[in-house]
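Going letter by letter, the sequence shown gives residues -20 to -1, 1 to 114 in mature numbering (1 follows the signal peptide of the UniProt record, and there is no 0).
Report on one structure; see the data block that follows.
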Amino acid sequence: MKKSIITLFLLISGAHLSFAQAPAAASVPTQADKEVLELSKSKWVWMADKDVEKLNTLFDEKCVFVHMGGSWGKTQELNVIKSGNIWYKQAEVYSSSVNILGNTAILLNDIDLLAVVGGNEVIHAFMVTEVYVK
């Protein structure tokens, strides 16, 4: 019986792995990709510096910020940054990918975020989605 269970487990595991996708070949970033990546990098610096003037120019009036505790618009996000209620001290970006569709760029970042929330310094891993429209 034990041998049957182990065999069944190995068959299921093998079947699961056979359906897994092979990793995509690394592509060379285009100039547009590089520009979006640089803009995102600048945005994280502006957030750490609490530079709401530059962020105000970057963020669209209809943008939405999704947090673990809720979501809100541009005005509230800028107020949170300015007041220091959330201080995005440093984003350690481990990997990024850009997908450009027409005049829209979708950027995915795998980050560790060092932040101060409610007076407590925390580090948390995040997958961040950023959407930029030219």
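All C-beta atoms, glycine included, are put in the ideal place defined by N, C-alpha and C.
Taking 7 Å as the limit between beta carbons, can you name the residues of its chain near residue i, skipping five residues before and five after?
| i | result |
| --- | --- |
| residue 3 | With a pLDDT of only 46 at residue 3, under 50, the local geometry of the prediction cannot be trusted, and the value read off the model is given with reservation. Same-chain partners within the cutoff: there are none. |
| residue 62 | 30, 32 |
What does the Cβ neighbour count give for residue i, buried or exposed, with the cut at 16 atoms within 10 Å?
| i | result |
| --- | --- |
| residue 93 | buried |
| residue 89 | buried |
| residue 12 | exposed |
| residue 107 | exposed |
| residue 114 | exposed |
By the DSSP assignment, the beta strand (DSSP E) with residue i in it spans what residues?
| i | result |
| --- | --- |
| residue 108 | 100 to 113 |
| residue 8 | Unbroken run through residue 8: none, as it is neither H nor E. |
| residue 89 | 84 to 97 |
In chain order, what residues of the same chain lie with their CB nearer than 8 Å to the CB of residue i, ignoring the 5 residues before and after it?
| i | result |
| --- | --- |
| residue 98 | 65 |
Quick one: what's got a C-beta closer than 6 Å to residue i's C-beta in the same chain, skipping five residues either side?
| i | result |
| --- | --- |
| residue 43 | 54 |
| residue 57 | 45 |
| residue 79 | 86 |
Practice item. Let me know the beta strand (DSSP E) ranges lying completely inside the stretch 17 to 75, each 3 residues or longer, listed in chain order. Key: 44 to 47, 50 to 53
**Study point:** the stretch 71 to 80 / the stretch 33 to 50 touching (three or more Cβ pairs under 8 Å)
**Key:** no
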